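As you go down the protein sequences, you meet chains A and B in turn. With the first sequence counted from 1, adding 1208 to any position gets you our numbering. With the second sequence counted from 1, adding 7 to any position gets you our numbering. Here the structure comes first, spelled out in structure tokens, and everything after it is commentary.
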Amino acid sequence: MSTDVTAKTPAGAPPGKSGSAADDGLLKLMLEGMRRNMRQYGMLIALGLIVALFAVWTNGDLILPRNVSNLVLQNSYILILAIGMMLVIIAGHIDLSVGSLTAFVGSIAAVLMVNHDMAWPLAVVLCLVLGAAAGAMQGFFIAYLGIPSFIVTLAGMLLFRGLTEIFLKGQTLGPFPDGLQKVSNGFLPEVGPNTNYHNLTLLLGFGLIAFVVIQEVRDRRRQQEFSLDVPPVKLFLLKLVALIAALLTVTMLLASYKGAPVVLLILGVLVVGFGYVMRNVVIGRHVYAIGGNLPAAKLSGVKDKKVTFLVFLNMGMMAALAGLVFAARFNAASPKAGLNFELEAIAASFIGGASMSGGVGTVLGAIIGGLVLGVLNNGMNLVGVGTDWQQVIKGLVLLAAVGFDVWNKRKVGS
Amino acid sequence: MAGPVLEMRSIVKTFPGVKALSDVTLTVQQGEVHAICGENGAGKSTLMKVLSGVHPHGTYEGEILFEGEVCSFKDIRASEQHGIVIIHQELALVPFLSIAENIFLGNEHATRGLISWSETLKHGSELLRRVGLSEHPDTRVADIGVGKQQLVEIAKALSKKVKLLILDEPTAALNDEDSGKLLDLILELKKQGITSIIISHKLNEIRKVADSVTILRDGRTIETLDVKAAETTEDRIISGMVGRDLEHRFPERTPHQPEEGVAPALEIRDWTVHHPIDQQRKVVDDVSLTVRRGEIVGIAGLMGAGRTELAMSVFGRTYGRYAGGTVLKDGKEIRTKTVPEAVKHGIAYVTEDRKHYGLNLIDTINRNISLSSLKKVAKRGIVDEHEERQVAEGFRKSMNIKAPTVFEPVGKLSGGNQQKVVLSKWIFAGPDVLILDEPTRGIDVGAKFEIYTVIDKLAAEGKAVVFISSELPELLGMCDRIYTMAAGRLTGEFSRAEASQEALMRQMTKDKEVTR
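The structure is reproduced here in structure tokens:
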């Protein structure tokens, strides 16, 4: 579901073969849909262009199966953080503490597992609870005491960084148990006969495709049951084909190397889960409402304080998860872990369509934003651009993405 | 007197879709205090914005002559250079700067960018003495009361060598004592030769300070009266403000017949609310009222009468500090301390300020409609998007919301259509009591009729409707009973038969000492 957007864009292009009036209408409908989600489609296209650019520049190295796996592993923790951060930003807040919190949870995990030989599943659960508690503490100050989130999480940033150094006594601590390392660095196990492809990945991929298709068809049928207008069959089929092509590309890419990384599975579950919550669960709607217009949300009976509290609690838990993945990936907890992660996550959210004033954004957007940054990093590494210039370029991309959004809104507004 | 200092001739000002001023002529004599009065929305504030350059030359038609010269102000600075200074209802002071810094803000005593504090202080104290303030000029503005802040505004105006001072409802936020001081100051300034225009709808104030009064109605000048003349009574002014006939602007309504022995759907008893910051001030003062099922009950009052504050404090205590009173629903006392509680008891409040308190403008029509009752389209906390869309489509058709789809962001709709979305949202919540606060503010005549029809239908379905409005004709056309409010108190109750614009306006312009 990631680097394949290039496959998606051309799939949308050739519908004009018969050239009839109906197809004109189809194109119009598509453009209409794109206009409404300009920012996200814009970034999707930009991501596709960036992928294409680096694919050419690196003579195809970027889209080698090995590198695609790598890309997922390298960026998993930022993407996990970006999902949580997106929710925080939609609610109209910011969280600067997540980088420090990932390091803090990593250090606690190391102390538990390395120094005290705790069983890793138990330690993981404890760490997630700890992260949630840290997030809840910040959420309490923000939601119930009304201290601005910028201040509270700035304090948290210093506090958790300091605690990390205290717990680790300035040293790195490792190694982690094999089981946990497998989760962070490993791939799905190999099963069945030798087919030159990774069987379980293929199976999962095909299963996912079948699920998506069934879901889309059922959804369409339910819309008709409610006697709502549905998009024309042609457009629907086009969308299905694009989706299948996209999923198939990723599946084949991953299956032709070592298979799907375990973290990709975790990420997939998170994206689908949070995407669903934000779109279809009451509390998700409430997050959008308080970020979009707090007084109106209050007057509509939204329990704004509780929602804010929960958003930060969740962010803490996501930071803990990212901390575990990060520590396990490098097989050590370091006092310098997670430096600037909060900024990467915030940048990913804004590139992916969040608005500074809250109320706007999607979980998928955060992933797209994170991938834009990830592909830039990876691609520039491959072609040998130094970290100095990487930062310059990433800064410009952030500015351009948000600048485009502002310009686009103004154009629509006038 | 020395002839007119200001003449505004045939001023016409149009906003997209609305003609705010259609033909206003205003003549102010040198050295007088000239009052302007009219209903909310009559065009008073717009006229003053035209005069002071907030609406620059070229955006309106007509001619402005100040001291005999034709003026074409392009902004406020330009009008201030001519000595015209406007003091808005919402004060424009920076709270964390000192009094002196505020007075000379944008006009500092400085040489080459360096502020001379000694001069600032000296000149500042002089100005404060002129307006009768004994505060040190270094005091922070946030630390003095609203009444004194108003005086600081006037000192600021004096520092700009003001010739014509415009005060937009200067006493609306002040208590009696501060109001008195302010009015005395206006008279004092008049002796010093400063001409003032004062916008007010407190008739006793006008009688106290003004020499003449110009009445505006529906964006037109109705007449200018000499306040000191014997025939200029308060009734005379009132009839000028309201004189308008009721055309067929309302749906045919069969008046509600109260049923005997049934408790009212909503009863408010002895409701008192204090201002959220200035806790000495009672914004709602011992108000009791009832609304029955199927009845439309109006609350009439001018700005600052406490109508919105009453409604919002009853609806989940969303305004001010509660200081006593009970709410009864169908004869039983209920708790309405939070919005969810109020909604649970079947009360809905449709705000007067849809942009700030009613809608999430960046979100779509369907999501706005469902927000206050998501449970109705959700199963076990999961929103059924299709059902939600179907509900929204239903409202789009029944309420005639003009939008291509329900996925349109609400911010792109016109005022009337936005209002229909807010109404849909609360109708969907299925309340027994609907409190509608200025439901037709800022929308065109056609949309108004549609909204009246909806309200009428709601009452016919047996809902109790509270209709808060500043437009008397609409209250007279729609309501079974009308309460009037002034300065936080109920000042009258009228049946449909008893009510007339004049009678209502008389109770609405009553001030405290007159009522009791």
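Note that the Cβ used here is the ideal one computed from N, Cα and C, for glycine as well. Here the structure is a predicted model, which means the values were calculated and not measured.
Task: Proximal residues to R1537/A (C-beta, below 6 angstroms), its chain only, five neighbours per side dropped - done: Counting from 1 along the first sequence, the entry for residue 1537/A is found at position 329. Closer than 6 angstroms at Cβ, skipping near neighbours: S1392 and N1393.
Task: Where K1506/A meets chain B, residues with beta-carbon distance less than 9 angstroms - done: Taking the first sequence and counting its residues from 1, the one referred to as residue 1506/A is at position 298. The contacting residues are G323, T325, V346 and Y364.
Task: Opening and closing residue of the alpha helix (DSSP H) in which P1273/A lies - done: On the first sequence, position 65 is the one that residue 1273/A refers to. Where P1273/A is concerned, the enclosing alpha helix (DSSP H) stretches over P1273 to I1298.
Open item on the list: Does K235/B pass the burial test, meaning 16 or more other C-beta atoms within 10 Å, or should it be called exposed?
Closed with: Within the second sequence, numbered from 1, the residue matching residue 235/B stands at position 228. Its Cβ having fewer than 16 others within 10 Å, K235/B is exposed.
Open item on the list: Please return the same chain residues whose Cβ sits closer than 6 angstroms to the Cβ of D252/B, not counting the five positions on each side in sequence.
Closed with: Working through the second sequence from its first residue, we reach residue 252/B at position 245. Per-residue confidence for D252/B stands at a pLDDT of 48, beneath the threshold of 50, marking its modelled position as unreliable; no derived number is given.
Open item on the list: Could you check whether the Cβ of E359/B sits closer than 9 angstroms to any Cβ belonging to chain A?
Closed with: Locating residue 359/B in the second sequence gives position 352, where the first residue counts as 1. For E359/B, the answer is no, since every Cβ of chain A falls outside 9 angstroms of its Cβ.
TODO: Answer with yes or no whether the minimum CB distance from H1494/A to chain B is below 9 angstroms.
DONE: On the first sequence, position 286 is the one that residue 1494/A refers to. It does: the Cβ of H1494/A has a partner Cβ on chain B nearer than 9 angstroms.
- [ ] Run down chain B in chain order and give the residues with a C-beta less than 9 angstroms from the C-beta of N1501/A.
- [x] For this step, residue 1501/A is matched to residue 293 along the first sequence. Those within 9 angstroms of N1501/A in chain B are K362, H363, Y364, G365, L366, N367, L368, I369 and D370.
Open item on the list: Since C486/B and G305/B should fall inside the 8 angstroms C-beta cutoff, what is the C-beta to C-beta distance between them, to a whole number of angstroms?
Closed with: As a first step, residue 486/B must be located in the second sequence, where it is residue number 479. As a first step, residue 305/B must be located in the second sequence, where it is residue number 298. Yes, C486/B and G305/B are in contact; Cβ-Cβ is about 4 angstroms, under 8 angstroms.
- [ ] Alpha carbon to alpha carbon, how far is L1455/A from F1262/A? Give it in angstroms, no decimals.
- [x] Position 54 of the first sequence, counted from the first residue, corresponds to residue 1262/A. Position 247 of the first sequence, counted from the first residue, corresponds to residue 1455/A. Cα to Cα, F1262/A sits roughly 21 angstroms from L1455/A.
Task: Residues that R1430/A contacts on chain B, provided the C-beta gap is smaller than 7 angstroms - done: Translated into positions along the first sequence, residue 1430/A becomes position 222. Chain B residues near R1430/A: H393.
- [ ] Flag this pair as touching only if the region 1595–1615 of chain A and the region 158–172 of chain B have three or more C-beta atom pairs under 8 angstroms; answer yes or no.
- [x] no
- [ ] List the residues of chain A whose Cβ lies closer than 7 angstroms to the Cβ of A385/B, in chain order.
- [x] To locate residue 385/B, count along the second sequence from 1; it is residue 378. Going along chain A in sequence order, the residues near A385/B (Cβ under 7 angstroms) are V1490.
TODO: Verify the CB distance criterion: does V1319/A have a CB-CB separation below 9 angstroms to chain B?
DONE: Taking the first residue of the first sequence as position 1, residue 1319/A is located at position 111. For V1319/A, the answer is no, since every Cβ of chain B falls outside 9 angstroms of its Cβ.
- [ ] Could you give the DSSP three-state label for T1516/A: helix, strand or coil?
- [x] As a first step, residue 1516/A is located in the first sequence; it is residue number 308 there, counting from the start. T1516/A falls in the helix class under three-state DSSP.
Task: Contact under 9 angstroms by Cβ, Q199/B with P177/B - done: Residue mapping note: residue 199/B aligns to position 192 of the second sequence, counting from 1. Residue mapping note: residue 177/B aligns to position 170 of the second sequence, counting from 1. Taking 9 angstroms as the Cβ cut-off, Q199/B and P177/B do not qualify as a contacting pair.
- [ ] Return yes when the Cβ of L1304/A is within less than 9 angstroms of the Cβ of T1266/A, no when it is not.
- [x] As a first step, residue 1266/A must be located in the first sequence, where it is residue number 58. As a first step, residue 1304/A must be located in the first sequence, where it is residue number 96. No, Cβ-Cβ distance for T1266/A and L1304/A is not below 9 angstroms.
Task: For V101/B, three-class secondary structure by DSSP - done: Sequence index remark: in the second sequence, residue 101/B carries index 94 (1-based). In the structure shown, V101/B sits in coil (DSSP, three-state: anything other than H, G, I, E or B).
Open item on the list: Output needed in chain order: residues of the region 1568–1589 of chain A with a Cβ under 8 angstroms from some Cβ in chain B.
Closed with: Within the region 1568–1589 of chain A, the qualifying residues are V1568.
- [ ] Give me the Cα-Cα distance between W433/B and S377/B, rounded to the nearest whole angstrom.
- [x] For the purposes of this step, residue 433/B is taken as the residue at position 426 of the second sequence. For the purposes of this step, residue 377/B is taken as the residue at position 370 of the second sequence. Roughly 9 angstroms between the two C-alpha positions.
Task: Residues, ordered as in the chain, of the region 200–225 of chain B that lie near chain A by beta-carbon distance below 8 angstroms - done: none
Task: chain B within 9 angstroms of R1369/A, Cβ atoms only - done: Numbered from 1 along the first sequence, position 161 holds the residue referred to as residue 1369/A. With a threshold of 9 angstroms between beta carbons, R1369/A makes no contact with chain B.
Open item on the list: Quick check: L1255/A and V1591/A, are their CB atoms within less than 9 angstroms of each other?
Closed with: Taking the first residue of the first sequence as position 1, residue 1255/A is located at position 47. Taking the first residue of the first sequence as position 1, residue 1591/A is located at position 383. No, they are not a contact pair.
TODO: Indicate whether T32/B and T228/B have their beta-carbon atoms separated by less than 9 angstroms.
DONE: The residue you call residue 32/B lines up with position 25 of the second sequence. The residue you call residue 228/B lines up with position 221 of the second sequence. Yes.
Task: V417/B vs L368/B beta-carbon contact at 9 angstroms - done: Within the second sequence, the letter at position 410 stands for residue 417/B. Within the second sequence, the letter at position 361 stands for residue 368/B. A contact, by the Cβ cut-off of 9 angstroms.
Open item on the list: To test your reading of the DSSP string, which unbroken alpha helix (DSSP H) runs of 4 or more residues are found completely within the region 115–186 of chain B?
Closed with: 124–137 and 153–166
Open item on the list: At the 9 angstroms Cβ level, is A1230/A part of the contact set with chain B, yes or no?
Closed with: Taking the first residue of the first sequence as position 1, residue 1230/A is located at position 22. Annotation note: pLDDT 49 at A1230/A (below 50); position unreliable, no value reported.
Task: Listed by chain order, chain B residues near L1436/A by CB distance under 8 angstroms - done: Residue 1436/A sits at position 228 when you count from the first residue of the first sequence. In chain order: H393, R396, Q397 and E400.
Open item on the list: Tell me the residue span of the beta strand (DSSP E) that contains R224/B.
Closed with: Walking along the second sequence from the start, residue 224/B turns up at place 217. Its beta strand (DSSP E) spans residues S219 to R224.
TODO: Grab the span of the alpha helix (DSSP H) containing G308/B for me, first residue to last.
DONE: Residue mapping note: residue 308/B aligns to position 301 of the second sequence, counting from 1. Neither: G308/B is in no alpha helix (DSSP H) and is coded neither H nor E.
- [ ] With 9 angstroms as the threshold, decide whether the Cβ of S1210/A is near any Cβ in chain B.
- [x] The sequence position of residue 1210/A within the first sequence is 2, counting from 1. In this predicted model, S1210/A has a pLDDT of only 39, less than 50, meaning its place in the structure is not dependable; the value taken from the coordinates is given anyway. S1210/A does not count as touching chain B.
Task: Against chain A: residues of the region 414–440 of chain B by CB proximity under 8 angstroms - done: F414 and K432
Task: Short CB-CB distance (under 9 angstroms) between D1427/A and chain B - done: By 1-based counting over the first sequence, the position of residue 1427/A is 219. True, the Cβ-Cβ gap to chain B drops below 9 angstroms.
Task: Under 9 angstroms between C-beta atoms of I1491/A and I1302/A - done: Translated into the one-based positions of the first sequence, residue 1491/A becomes position 283. Translated into the one-based positions of the first sequence, residue 1302/A becomes position 94. Not a contact, by the Cβ cut-off of 9 angstroms.
- [ ] For chain A, find out if any of its Cβ atoms is closer than 9 angstroms to the Cβ of D252/B; answer yes or no.
- [x] Taking the first residue of the second sequence as 1, we reach residue 252/B at position 245. Model confidence at D252/B stands at a pLDDT of 48, short of 50, so the residue's coordinates are unreliable and nothing is read from them.
Task: Beta carbon proximity, K1447/A to chain C, threshold 9 angstroms - done: Chain labels in this structure do not include chain C; the protein chains are A and B.
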